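For the sequence shown, UniProt numbering assigns the number 1 to the initial residue and increments by one for each residue that follows.
All residues carry an ideal CB built from backbone N, CA and C; glycine is no exception.
Every value quoted in this text rests on a predicted model; they were computed, and no experiment measured them.
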Amino acid sequence: DFALSHPALIVVQEREWSSLDAEARERVRRTQLAYIDVWVQVVRELRPELDRATARAAVQAAFGLLNSTPHSARLSAPAMRSLLARMARSALLG
C-alpha cells in the first residue's frame, strides 16, 4: 500500500540519495539493510530450503518491484495493488 499511496516519496528518495553526505547515506543504508534482514528471516522461516543469499536476492527483487511503482504503467489502484501483491508473493514464496 505504501508504494501505491506515496509514489512521490519513492521518487524523492531516488533523486535525493546522491545529495546526502556520506554519513547520512551510511545511516540510511544501515536502516535499509536491517529492514531487508527482517524480511530475509521471515522468508527463510516460510521457505527453509532457501539459503540466506537466495532469500536476500528474493527480498531485494520484491523491493525493487515495489519501488518501481512510480515508474509503472498506470492501472487502477485496486488492479495495481492486486498485480503487485501477486508478483511480490511469487518472488518471495515461489
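### Query
So what's L33 in DSSP terms, helix, strand or just coil?
helix
### Message
With a threshold of 7 Å on Cβ separation, who are the neighbours of L46 within its own chain once the five nearest residues in sequence on each side are excluded?
### Response
L93
### Query
What is the DSSP secondary structure of E45, counted as helix, strand or coil?
helix
### Segment contact, 8 Å Cβ cut-off, at least three pairs: the segment 63 to 71 with the segment 6 to 24
yes
### Residue of S72, Q41, H71 minimising C-alpha distance to A58
Q41
### Query
For S5, which option in V28, A34, S76, Y35 has the closest C-alpha, if you only look at C-alpha atoms?
S76
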